[in-house]
Amino acid sequence: MKYFPLLWATLWRKKTRTWLTMFSLVAAFLLLGLLQAANSLFYGGTINLSANLLITQARVSFTSPLPLRLLPQLEAVPGVEQVSWSQFFGGVYKDPKNFFPQFAVVPERWLKTFTECTLPAEQAEAWKGSRTAAVAGRQLAERFGWKVGDRIPLNSQIFPLKDGSRAWAFDLVGIFDNTTADSCPRMGNMYIRYDYFDEARLFGQGTAGIYVLRITDPNRAEAIGRQVDAMFENSPDETKTQSEKEFNLNFVRQVGNLSLILNAILGAVFFTILLLTGNTMSQAVRERIPELAVLKTLGFSNGGVLGLVLAESLLMCVIGGLVGMALASAAMVALAHAPVSFPPLRADATVWLIAVASMLGVGLLVGLPPALRAMRLSIVDGLSGR
Amino acid sequence: MKQILAITLMNLRAIPQRLGSSLVIVIGIAGVVGVLVAMLSMAQGFGATLKATGKDDRLMVLAGGVTSELSSTLMPDILPLLRELPGLARDAEGRPLVSAELVVITELRRGEGAQRADVNVSLRGVEPLGLQLRPEAKLIEGRWFTPGLREVVVGKGAANQFQGVQLGAVLKFRGSEWTVVGTFSADGDAHESELWTDANTARSAFGRGGSASSMLAQMQSAQSLPGIQAAIKADPRLQVDASTEVAYYSSQSQQFTQQIGMLTSVVAAIMAVGALFGALNSMYSAVSTRQVEIATLRAIGFSGLPVVLSVLTEALLLALTGGVLGAAVAYVLFNNMTVSTLGANFTQIAFNFAVTPELMQKGLIWATLIGLLGGLPPAIRAARMRVVEALRGG
Amino acid sequence: MSEAIVQLRGVSKTYTRGKQSVEVLKNLDLEVAKGDFLALMGPSGSGKTTLLNLIGGLDQPTTGSVIVAGENIEQLKSSRLAAWRGRHVGFVFQFYNLMPMLTAQKNVELPLLLTKLSASQRAERARIALTVVGLADRASHKPNELSGGQAQRVAIARALVADPTILVCDEPTGDLDRKTADEILGLLQTLNRQHGKTIIMVTHDPKAAEFASHQVHMDKGALADAPVH
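Chains as they are written, first to last, in the numbering used here: chain A, 281 to 666; chain B, 274 to 667; chain C, 16 to 244.
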């Protein structure tokens with residue numbers, strides 16, 4: 281790109297101003313990166329969910345357990361391929377800040393239901409072979425540096441052991457992974473064995489938290505859900521069945537207006553940045569009017585001058601934006617190792633997409649008015665500084 | 274002093290000519306202060322609601338080692354022992370003032386469209402003495418529930434956040450119907466986000482046998498607590514934790530307040546840095562467009578200090594304008610706005626944003642600091658300008 | 016007389032500023048021959064810069080025709096006109112109008128960005144142009160590191176580099192002292208005599224005009240006398 285040296289020189293014409301504007305842009309995109317990553321943490325868990333999974337919970341609340349005796353009826357529903365159930369364990373690993381979800385499940389059923397996650401065959405056998413065995417997602421294992429063979433102590437906040445103690449411990453025998461990129465949204469979870477858990481807990485025997493149904497045809501999800509709920513209507517074990525995506529979205533929405541507020545903040549930040557960068561660009565162009573007129577006398581066309589100004593504004597926003605995003609990524613890495621009760625943030629493809637779109641958007645938006653002005657500039661007026 | 278005033282007035286009169294860059298300072302700082310105040314007022318409101326909950330002479334007993342009522346289960350065999358703990362107050366008939374309560378989560382609908390969600394709401398089974406124990410709970414509509422009947426009363430906050438809980442409405446839990454017979458207030462505390470019913474009715478309906486989630490009791494005085502805790506410790510059958518009700522609810526707000534606090538400081542600090550660079554930029558350009566004016570003043574005998582002060586004053590005035598604007602916008606948009614979010618007990622807690630004077634003051638302090646930091650370097654540059662060069666406009 | 020490279024026929028130019036309209040050029044005819052070095056003289060406000068702008072394709076006449084290098088430029092659209100300027104006209108201004116953030120070398124290369132030349136060809140041509148104006152050793156300096164005379168030489172090199180048909184100079188020595196001015200004018204004369212460049216120069220300085228082959232005087236928007244041949 282032969283115009284680049286010209287662009288670059290123009291950009292740094294007033295060094296202080298360009299640096300200051302650049303820093304503002306960096307700050308804005310640092311914030312955008314972090315907040316979007318937080319946002320995608322909220323909603324991201326719902327993106328890769330398989331459309332083949334339905335969740336059946338107690339109608340009154342998913343915290344109310346459903347009895348295991350519903351199982352045969354659920355399995356008999358046409359179109360249901362596999363049924364798994366899971367009970368939220370509520371364990372604390374060393375410190376409440378290390379929160380991650382654990383569920384008690386039946387390994388055979390889990391393996392057949394969550395086929396988007398893969399566990400090496402010998403690890404699956406080991407899980408089936410030992411009652412205190414547990415498996416964890418790759419992401420979770422990496423978070424705490426766990427290896428197969430580690431003993432994981434968990435203090436259940438909900439379930440005491442028969443002796444009243446809350447100190448449970450499990451042997452990590454397997455680490456499961458994605459089958460394809462991001463296919464397994466459960467990489468931050470741990471799964472223990474239901475049979476051991478049910479026998480060892482003080483109360484609640486014979487109940488499962490929720491049922492997970494794997495269905496053959498995702499298009500029939502709604503119909504199957506209705507059929508399931510109809511079977512238990514008006515019984516004490518009324519159910520509510522929805523797709524896993526719906527279930528998780530509802531979970532996120534419980535946090536409520538908070539994510540709305542995050543977005544409002546981002547709006548405020550971008551409005552401010554737009555104003556700030558816009559002001560810089562229009563100042564920069566105003567000062568340069570005679571130069572722009574000279575470029576035109578040299579044979580640069582109106583469109584060419586428009587392009588130069590737009591390119592300068594885009595260049596500034598993209599550089600500032602990329603530096604900001606790089607800082608955001610670095611901050612997220614640092615945050616992941618910091619002792620705070622924050623789940624690991626990650627700038628995924630969506631976050632980058634939004635960021636790059638914002639860089640280009642801001643660049644165009646703030647570049648366009650001065651670029652148009654430069655384009656319409658008459659040479660004679662420009663040369664005389666009018 | 275006269276010098277300073279003269280230059281400052283001259284500068285300020287020029288602001289309309291530089292409206293664009295002056296606005297950058299005002300709006301940039303308004304953004305920072307607005308966001309800061311709004312977020313702090315959220316944490317403030319949430320904390321205030323939970324801290325308003327409970328009394329320090331009431332005892333809260335949970336299963337040992339748990340941090341919230343939801344995950345706590347008190348088995349039926351120990352409840353009689355807990356009721357007879359020493360140091361508890363008794364009513365006129367000599368019964369200990371105790372309410373062993375069951376908390377279960379129910380789902381109610383909140384919001385419309387994309388925000389629509391089935392949210393967790395606490396249904397609290399209260400023993401008859403539980404109402405007597407909490408004089409702050411006052412009926413504002415209808416009547417209290419009748420023990421033995423499937424009736425609920427709805428807290429004020431729940432009534433205006435969630436759908437389908439108006440007086441006379443019928444709710445369906447576990448296949449049976451419950452009627453809303455009243456609405457209550459409780460001094461704006463966390464209980465206003467709950468549904469209340471009779472404890473025994475709830476136990477049987479939710480198949481919880483004789484167990485409870487927690488036990489609330491009136492102590493003879495706040496000083497009774499150590500004695501009670503000692504008695505619990507002495508009895509190996511009692512695997513429970515006891516604290517004052519106030520302490521429990523304060524601990525519930527801690528995590529949320531901490532998280533919001535951290536988020537607020539990170540976001541506001543980054544925004545402040547951005548706005549600071551914006552302010553620096555604007556003030557530098559303000560100084561450079563006035564270069565000739567300033568140099569002329571220096572040439573006719575004004576000293577450097579008034580130049581510095583005049584630039585600083587301008588930056589501060591613009592920053593404060595932005596600060597006031599931001600705080601005002603936050604106040605208008607957010608003060609007393611009621612929202613509900615998931616609390617530590619995994620159920621919704623409704624609370625009001627509280628834009629207090631202290632928070633606004635905090636916002637203005639940030640604005641002042643940004644203005645000061647943003648004005649100082651350009652001011653110094655203006656004062657250090659070589660008069661001869663500056664006069665040439667170079 | 017050799018072939019006319021600039022032909023103006025019945026050219027008028029009226030500027031409207033608000034409600035006032037001023038006729039700057041009145042029904043003017045002018046021819047400039049290829050290889051000529053013409054000085055346009057006259058008091059300020061006589062319309063000489065406007066005339067120069069019309070010849071250089073910076074402005075278009077209200078009426079009349081302007082034919083330069085065989086092109087009827089008053090009919091060109093702005094994008095065609097820009098391309099035409101790039102190919103045929105080199106400008107030299109009173110205040111040099113160099114890009115302050117670019118080195119002399121890069122300033123001179125600027126017009127070549129619009130050509131299809133490669134980066135190395137552009138650098139080479141710019142180096143040659145700088146050598147012609149005697150500033151090869153200042154190639155890496157920025158305009159604020161150059162004296163006025165040097166800056167004007169860079170500007171001349173920039174005007175030359177694309178090998179334009181005509182060189183258009185507006186008070187090229189207006190900001191320079193006598194000695195430097197004479198050097199610059201000498202350079203223009205050399206370009207005219209040895210390299211055959213057609214030069215049209217606006218000046219109000221009779222000493223400067225003496226370097227030209229011909230002089231034309233303007234007054235109140237019209238030629239005061241016919242060009243002396």
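A virtual CB, placed ideally from N, CA and C, is assigned to each residue, including glycine. Quantities reported herein were computed from a predicted structural model and do not represent experimental measurements.
8 Å CB neighbourhood of residue i in its chain, flanking five on each side removed
| i | result |
| --- | --- |
| C/THR29 | SER36, VAL37, GLU38, VAL39, THR77 |
| B/ASP460 | ALA325, GLU409 |
| B/GLN531 | none |
| A/VAL386 | SER364, TRP365, ARG473, TYR474, ASP475 |
| B/GLY420 | Checking the sequence shown, residue 420 of chain B turns out to be Pro, not Gly. Taken in chain order, the residues that qualify are PRO401, ASP471, ASN473, THR474. |
| A/ASP451 | SER410, THR412, ALA413, ALA414, GLY429, ASP430, ARG431, ILE432 |
Closest Cα partner of residue i within the set the options
| i | options | result |
| --- | --- | --- |
| A/PHE670 | A/PHE450, A/LEU594, A/VAL535 | Coverage of chain A is limited to positions 281 through 666, which leaves residue 670 of chain A absent and any answer about it impossible. |
| B/THR281 | B/PRO650, B/MET633, B/PHE607, B/LEU591 | B/LEU591 |
| B/ILE302 | B/GLN621, B/ARG407, B/GLY636 | B/GLY636 |
| A/ALA548 | B/GLY599, B/ALA627, B/PRO353, B/ALA655 | B/GLY599 |
| A/ALA449 | A/ASP457, A/PHE456, A/PHE439 | A/PHE439 |
| C/TRP99 | C/GLY201, C/ILE181, C/VAL123 | C/ILE181 |
| B/GLY430 | B/SER458, B/GLY437, B/SER494 | B/SER458 |
| B/LEU553 | A/LEU350, A/LEU351, A/SER304 | A/SER304 |
| C/ALA48 | C/ARG32, C/LEU127, C/GLU139, C/GLN22 | C/GLN22 |
| B/ARG652 | B/VAL427, B/ALA623, B/MET556 | According to the sequence shown, residue 652 of chain B is Ala rather than Arg. The shortest Cα separation from B/ALA652 among B/VAL427, B/ALA623, B/MET556 belongs to B/MET556. |
| C/PRO187 | C/VAL176, C/PRO179, C/ALA177, C/ILE199 | C/ILE199 |
| C/LEU175 | C/THR146, C/GLY189, C/ARG193 | C/THR146 |
| A/GLN403 | A/SER436, A/ASP457, A/LYS442 | A/ASP457 |
| A/ILE569 | C/ASP185, C/GLN136, C/ASN112 | C/ASN112 |
Cβ-based neighbour list, residue i, same chain, cut-off 7 Å, excluding 5 preceding and 5 following
| i | result |
| --- | --- |
| C/ARG153 | ALA119, LEU161, GLN165 |
| A/VAL603 | VAL306 |
| B/ARG447 | ALA478, PHE479 |
| A/VAL565 | VAL589, PRO650, ARG653, ALA654 |
| C/PHE281 | Residue numbering for chain C in the displayed model covers 16 to 244; residue 281 of chain C lies beyond these limits and cannot be assessed. |
Where residue i falls, given that 16 or more other Cβ within 10 Å makes a residue buried
| i | result |
| --- | --- |
| B/PRO630 | exposed |
| A/ARG656 | exposed |
| A/ASP497 | exposed |
| A/MET281 | exposed |
| A/PRO650 | buried |
| B/ARG510 | exposed |
| A/SER621 | Low local confidence applies: a pLDDT of 49 at A/SER621 is under 50, so the model's placement there is unreliable, with the coordinate-based value given in what follows. By the 10 Å Cβ count, A/SER621 comes out exposed. |
| B/PRO579 | buried |
| B/VAL605 | exposed |
Neighbour flag for residue i against chain E, beta carbons, 8 Å
| i | result |
| --- | --- |
| B/VAL376 | Judged by its chain identifiers, the structure shown contains no chain E, and its protein chains are A, B and C. |
Chain C contact residues for residue i, given Cβ-Cβ distances below 7 Å
| i | result |
| --- | --- |
| A/THR552 | Under the 7 Å cutoff, chain C gives no residues; its nearest Cβ is about 29 Å from A/THR552. |
| A/PRO285 | LYS121 |
Neighbourhood of residue i by C-beta, 6 Å cutoff - its chain only, sequence neighbours within 5 removed
| i | result |
| --- | --- |
| B/GLN504 | The residue you asked about is not Gln; residue 504 of chain B is Ala in the sequence shown. Once the five neighbours on either side are set aside, the close Cβ partners of B/ALA504 are LEU358, PRO359. |
| B/PRO650 | none |
| C/GLU46 | ALA19, GLN22 |
Partner residues on chain C for residue i, Cβ-Cβ distance less than 9 Å
| i | result |
| --- | --- |
| A/SER593 | Per Cβ cutoff of 9 Å: no residues; A/SER593 is ~17 Å from chain C at best. |
Expected contact under 8 Å - CB spacing of residue i and residue j to nearest Å
| i | j | result |
| --- | --- | --- |
| A/TRP235 | A/VAL453 | Nothing can be reported for residue 235 of chain A: it is not among the residues displayed for chain A, which extend from 281 to 666. |
| B/ASP330 | B/MET492 | 5 Å |
| A/MET467 | A/PHE380 | That pair is no contact at about 10 Å. |
Chain B contact residues for residue i, given Cβ-Cβ distances below 8 Å
| i | result |
| --- | --- |
| A/ASN435 | GLY338 |
| A/ARG297 | ASN554, TYR557, SER558 |
Contact list for residue i against chain B, beta-carbon separation under 7 Å
| i | result |
| --- | --- |
| A/GLY536 | VAL612, SER613, THR614 |
Interface residues of chain A facing residue i [CB-CB closer than 7 Å]
| i | result |
| --- | --- |
| C/GLY101 | LEU578, GLY579 |
| B/ILE543 | ALA307, LEU310, LEU311 |
| B/ARG447 | VAL340, PRO516, GLU518 |
| C/LEU145 | Result: empty, since nearest Cβ-Cβ is about 17 Å, beyond 7 Å. |
Neighbouring residues, chain A, relative to residue i (Cβ below 8 Å)
| i | result |
| --- | --- |
| B/SER294 | ASN559, GLN563 |
Interface residues of chain C facing residue i [CB-CB closer than 8 Å]
| i | result |
| --- | --- |
| A/ARG293 | PRO115, MET116 |
Partner residues on chain A for residue i, Cβ-Cβ distance less than 9 Å
| i | result |
| --- | --- |
| B/SER344 | GLY370, SER436, GLN437, ILE438, PHE439 |
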